[in-house]
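For reference, the structure is listed below as structure tokens.
Numbering (my numbering), first residue to last: 78 to 262.
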């Protein structure tokens with residue numbers, strides 16, 4: 078749809094746990110795709126699957142450069158940049174507000190495309206209706222983008238955090254590439 082590939086590691090919703098097997102699958106994927114930038118959930122997201130995904134992806138990104146990791150794929154030369162996406166309502170599992178995003182991206186010009194892309198995620202639409210009593214998934218997602226937009230002082234936005242942990246690149250490549258639509262709120 079956007080010129081990107083959809084790759085699924087076949088993990089079942091609600092049953093994800095960190096294991097050597099899924100770490101190695103994730104390392105293989107990062108290496109095979111020669112990934113330079115990785116997006117994942119925040120480590121303190123409201124949803125347990127998201128927190129575990131964040132943990133797996135962080136470790137796999139770091140280990141993707143190490144030659145002693147058992148993999149048929151060639152190690153990367155440099156650790157990928159790691160970015161975190163926003164959880165619903167910017168809260169942690171206990172409902173506490175989380176740290177302010179590092180930056181916002183103005184998505185006003187592409188909000189309709191975002192809504193169209195969300196329409197392909199039918200399993201999540203049903204899940205959100207059951208879990209969160211969202212009668213209109215699209216309206217809720219658009220409203221959330223509006224709420225982030227208010228924080229960024231634009232009509233619609235998404236927000237991100239750059240992983241700044243030891244061993245990770247700190248270059249603001251995304252922020253520089255998207256400079257015309259980056260806002261700091």
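Cβ atoms here follow ideal geometry from the backbone N, Cα and C, with glycine treated the same way.
Once the 5 residues before and after residue i are set aside, which same chain residues still bring their CB inside 8 Å of it?
| i | result |
| --- | --- |
| residue 222 | 184, 188, 191, 233, 234 and 235 |
| residue 175 | 119, 121, 164, 167, 168 and 169 |
| residue 135 | 117, 120, 159, 240 and 242 |
Pull up the CB-CB distance for residue i and residue j, whole angstroms please, since I reckon it's below 8 Å.
| i | j | result |
| --- | --- | --- |
| residue 118 | residue 161 | 6 Å |
| residue 114 | residue 251 | 7 Å |
| residue 86 | residue 106 | 7 Å |
| residue 218 | residue 195 | 6 Å |
| residue 246 | residue 155 | 7 Å |
Is the separation between the beta-carbon of residue i and that of residue j shorter than 8 Å?
| i | j | result |
| --- | --- | --- |
| residue 152 | residue 143 | yes |
| residue 164 | residue 138 | no |
| residue 274 | residue 148 | Given that the chain is displayed from residue 78 to residue 262, the structure contains no residue 274 and the question cannot be resolved. |
| residue 261 | residue 181 | yes |
| residue 214 | residue 206 | yes |
| residue 267 | residue 93 | Residue 267 is absent from the structure shown; the chain starts at 78 and stops at 262. |
| residue 146 | residue 104 | yes |
Grab me the residues of residue i's own chain with a C-beta within less than 7 Å of its C-beta, minus the 5 sequence neighbours each way, in chain order.
| i | result |
| --- | --- |
| residue 95 | 129, 132 and 133 |
| residue 255 | 182 |
Tell me which same chain residues have a C-beta within less than 6 Å of the C-beta of residue i, skipping the five on either side of it?
| i | result |
| --- | --- |
| residue 240 | 159 |
What alpha helix (DSSP H) runs, 4 residues minimum, are completely inside the stretch 165–237? DSSP runs (the alpha helix (DSSP H)) wholly in the stretch 165–237: 188–195, 199–209 and 214–229.
Counting only runs of 4+ residues fully inside the stretch 114–151, write out the alpha helix (DSSP H) ranges in chain order. Within the stretch 114–151, the complete alpha helix (DSSP H) runs of at least 4 residues are 125–140.
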